[in-house]
Each structure stands twice: as C-alpha cells, then as structure tokens.
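Student: Got a structure for you, questions after.
Numbering (full-length UniProt numbering), first residue to last: 1 to 501.
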C-alpha cells in the first residue's frame, strides 16, 4: 500500500506544478486568481512531497519506490523516491511555496508565479529521475525560467552569461547522452537507465563522467564557473530566480550519476576536487566580505558553501559524503531564507545597497532577528543542521586531507565575518545619510513572517533533534550502495562510526 501511494505521488510531484504554470501563464488573466491558484498548487505539491518523504522513511530508513514504463524505441520512463532525494522533495517544494508566499502581491503576477512553479516542477523532475535522458531534459528545463528572468533584468551582459551557461550545460548533456547511446553499456532496452547501467557488464567511457562532472560543478557555481550564478543572484528578478539559483541540484547530480557510475574517475579526481572545493570556499568567503550589496554578499556566500559541499563529497568516505549532502540541503534553506529577507528589504527600501541602508532594526525587529538567526545557522552555530553537517565533513577530511579541514574552519570564520558585517551595515547603527526616506519601512507580516519562522524552525529543529539527520545519513549511504555495489567501499561507513552516530 505504501509503495502504491508513493508511486502515485511521483508523477503528481513534477507534472502538477508544470501544468499549473501553463494555466497561470496562459489561461488565467486576473492577478488575484493567478496568485491564489499558484499558492494553492504549491501547498498541494508540498503536502504530497512531505507525504512521500514520511512514507518512504517511516521506519528510519529509505526504501526505493520505483515508477517505470516504456516510452518508445529504447527510451524508458524511470523515476523513484529513495534516500538520495526523499528529503530534497519537500525541501524544494517548501522553498517554492515560501517564494510564492513572500512575493509582494503587486509582483506576483502570471509571469512570476508561472516561473516559480515551472522551476519547482523541473527541479522535482530532476530529483526523481533515474533515467539520464529524463534527468538531462529536466536539468536544462530548470534553467530556462532563470534565462527568461535575465532577459527581464535588462542587463545584456547578465543575459549573455546566462545564455552561455545554458548552452554549455545543454552541449555537455547532449554529448554525454550521445556517447551513452553509442556505447550501449546497459543494452538496447534501456541505454540511459541509471540502475541498469550500474549492473552492466561493460562500463561507460570516462568522457561521459567528465561531462556530467562539468555540468554538476557549473550548476553548483564552483570556481571559476561561478560568474553566471553570482551575477544572476545580484541582478535577476529575485523571487522567481531564487529557487532556480540556490538549489542542491549540482551536488545531487554528483551523487546520482558521477559517484555511482564512475567510481574510478572519482578516485582519480578526489584530491583535485578537494583542493578545488577548498579554493572555492575560501574565494567565495573572501569576496563576500568585500561586497557592498546584500544580494551579492549572499550570492558569494552560496559559492563558498558549495565549495564546502564539494570538499566533503570529494573525500569519498561516509562522514565526508554525508556531511557534504547535509551541508548542501541546509545551505539551500539558509541561503534562500537570507535571500528572501534581502528581497523583502529591497521591496520596502527600493535597494539592497548596504551603503544606503542602516538602522532598520528600529522599524523591522522581526526582519532583523530573522537575518541574524539565519546567519548564525548558516555558519554552523551549535544546535543547527549546519553544525552537524560541518562536523561530519571535517571528520571525513581529517582522514586524508587535514590541511583542507583546517582551511574549512578558517572559511567558516570568514563567512561569519561577511554575514555579520552585512547584518551590521543593513540593520544596526544609524541610517545612512544617503538613505532614502525609510519612515514607512514595514516589518515582516502575514505569510512573510510565517515563511521566515518556518525556515528558521527547520534549521533549529533539525540540529536539536539529530535522529532524523542520522536517518537521512543512513539513507544516503544505503542508496549509494544500492546504485553501485562495486563502489560500496567508497561510501560505506565503518562500524565504529555507526556506533558513535
């Protein structure tokens, strides 16, 4: 019965928001109805995603529930809920819902609402896909609404950079699929099925792994492929662009495709990726300190966090991989929460230039408290999810990369400085003498307030109640073992570590 319910939820999760996006964009003209329909659909998708998560992990582990069928020729439709995506589904749905609820009524028209729903549907499709062709289609589709947003920004350089990012992603994925089809490693029945590929007697050419690795690193914003992300985070229309920018899709692609299908490649590039991740983490943290715009600070902070995630995943051991994945999930909640507050400041003050702000605590104590709490959670304050994630990642690094582990502690301190500096300039002290009239600046209210509280509660409850985190950790490791039995030694935790957890 549980399997049937989850299998029923799988097509609903990605298809329902995509259909709703079409309806909101083309069939409904009245702004109030567009908003009501979009928010209603987002609530339904969140409830279904949460139900799939709870049913899938009811016994503190994550069984894989599959939904597959033939399409035409050698193509197959294969999606599943397992330990790698079970928590990502409600998290993605919650971020989309929070974006819709926080968007001012004057801005939440058909275009904005439809883009948020389209991003939600395509991201959920990516997380559910166990077919490389389907995953690639949703992957590119998840970037198209952001590409449209860059056109609305009226910044030709930003639109050009975003176009190049999508073109590079599309070219790499198409090339990978062509090579996979030619290699026929899984047989003619299902050449793109990720599970069938792990059981094939012949392995895929390493170039396929390199192509998927490139796409994943580009999506994460790893140095030097971060420029499109930081530029879009600063200049693109925020509420619809945020769910597409700050997502764990890149790290998910590494653990769904690269790590299970190409274990030898991962072993070869493990040390270079640890170094690249550490460099990215330090680079993003240092640049975040020097920014004058609140949205740019948060964008570079995201780059730094993705460097931490890559460093943990590249260790290829249980603590590091688990810590990297938990860090990726917690970073989505933290950075999206910070960006929502930045967008709410922009909606009220007309700017996120910190040189024109200051003293907002007097007008908006809730907004100030929310930014402070999310900032402390983002840098791994004890009792939050990031604290657990960073502890696991550093444990993984201590085995073979103690210098990188020490560097990550320094990066965390620099990130703390960057966020506190942004907090001080934006919310504390006297208002800037160049500031606009902020006497009408309003505090969080209604669903803005509820969404911010929910994001903060998620981080605190997750850190103070570690058992669900341990279940997620076990589910992630178990799912990776099921995908690639031959590489189980890469992520299998030792007995002592399990006893300590």
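Ideal Cβ positions, reconstructed from N, Cα and C, are used throughout, including at glycine.
(1) Runs of 4 residues minimum, wholly inside the segment 336-392: which ones carry the alpha helix (DSSP H) assignment?
(2) In this structure, does DSSP put residue 236 in helix, strand or coil?
(3) Can you give, in chain order, each stretch of the alpha helix (DSSP H) that sits fully within the segment 280-342 and has at least 4 residues?
(4) Which residues in the same chain as residue 162 place their Cβ atom closer than 7 Å to its Cβ, once the five residues preceding and following it in sequence are excluded?
(5) Are there 16 or more other CB atoms within 10 angstroms of the CB of residue 174, so buried, or fewer, so exposed?
(6) Could you give the distance in angstroms between the alpha-carbon of residue 21 and the alpha-carbon of residue 226?
(7) Classify residue 30 as buried or exposed, calling it buried when 16 or more other Cβ atoms lie within 10 Å of its own Cβ.
(8) If I'm right that residue 367 touches residue 341 with Cβ under 8 Å, what's the distance once you round it to whole angstroms?
(9) Going by C-alpha distance, which of 248, 92 and 354 is nearest residue 291?
(10) If you drop the 5 nearest sequence neighbours on each side, which residues of the same chain put their C-beta closer than 7 Å to that of residue 287?
(11) Would you check if the distance between the CB atom of residue 99 and the CB atom of residue 240 is smaller than 9 Å?
(12) Under 8 Å, with one C-beta from each stretch per pair, do the segment 443-450 and the segment 390-402 reach the 3-pair mark?
(13) Taking the alpha helix (DSSP H) that residue 159 falls in, what are its first and last residues?
(14) Three or more C-beta pairs under 8 Å: does that hold for the segment 243-256 against the segment 112-120?
(15) Suppose the cutoff is 8 Å on Cβ atoms and the five residues either side in sequence are ignored; what does the same chain contact list for residue 23 look like?
(16) In angstroms, rounded to a whole number, what distance separates the CA positions of residue 258 and residue 214?
(17) Rounded to the nearest angstrom, what separates residue 322 and residue 216 at their Cα positions?
(18) On the DSSP letters alone, give me the boundaries of the alpha helix (DSSP H) that residue 107 sits inside.
(19) Could you say which of 154, 106, 211 and 88 lies nearest to residue 123 if we only look at CA atoms?
(20) Is residue 89 helix, strand or coil when you go by DSSP?
(21) Whose C-beta lies closer than 6 Å to the C-beta of residue 390 among residues of the same chain, with five residues either side of it excluded?
(22) DSSP state of residue 65, grouped into three classes?
(23) Which residues in the same chain as residue 279 place their Cβ atom closer than 8 Å to its Cβ, once the five residues preceding and following it in sequence are excluded?
(24) Buried or exposed: where does residue 176 fall if 16 or more other Cβ atoms within 10 Å of its Cβ makes it buried?
(25) What's the gap between the Cα of residue 236 and the Cα of residue 377?
(26) Where does residue 79 fall in DSSP's three states?
(27) Are the beta-carbon atoms of residue 383 and residue 456 separated by less than 9 Å?
(28) Using the three-state DSSP reduction, which class does residue 98 fall into: helix, strand or coil?
(29) Alpha carbon to alpha carbon, how far is residue 317 from residue 401? Give it in angstroms, no decimals.
(30) Please tell me whether residue 382 has its Cβ less than 9 Å away from any Cβ of chain D.
(31) When you compare each of 408, 421 and 386 to residue 358 by their alpha carbons, which one comes out closest?
(32) With 16 as the cutoff for other CB atoms within 10 Å, does residue 334 come out buried or exposed?
(33) So residue 222 is in the alpha helix (DSSP H); what residue range does that whole segment cover?
(34) Could you check which residue in 91, 19 and 131 has the C-alpha nearest to that of residue 121?
(35) Does the separation of the CB atoms of residue 349 and residue 356 fall below 9 Å?
(36) Within 10 angstroms of the Cβ of residue 119, are there 16 or more other Cβ atoms? Answer buried if so, exposed if not.
Tutor: According to the data block:
(1) 365-378
(2) coil
(3) Taken in chain order, the whole alpha helix (DSSP H) runs of length 4 or more contained in the segment 280-342 are 294-313.
(4) 146, 147, 150, 228 and 232
(5) So residue 174 ends up on the exposed side.
(6) 29 Å
(7) exposed
(8) 6 Å
(9) 354
(10) 300
(11) Between residue 99 and residue 240, the CB-CB gap stays under 9 Å.
(12) no
(13) 156-183
(14) Cβ pair count under 8 Å is three or more, so yes.
(15) 37
(16) 10 Å
(17) One C-alpha to the other measures close to 18 Å.
(18) Annotation for residue 107: no alpha helix (DSSP H) segment contains it, and DSSP assigns it neither H nor E.
(19) Of 154, 106, 211 and 88, the residue nearest in Cα terms is 88.
(20) helix
(21) Around residue 390: 380.
(22) strand
(23) 223 and 307
(24) buried
(25) Spanning the two alpha carbons is a distance of roughly 26 Å.
(26) strand
(27) no
(28) helix
(29) 12 Å
(30) The displayed structure is made up of one protein chain only, and chain D is not part of it.
(31) 421
(32) buried
(33) From DSSP, residue 222 is part of no alpha helix (DSSP H); its letter is neither H nor E.
(34) 19
(35) For residue 349 and residue 356, yes; Cβs fall inside 9 Å.
(36) buried
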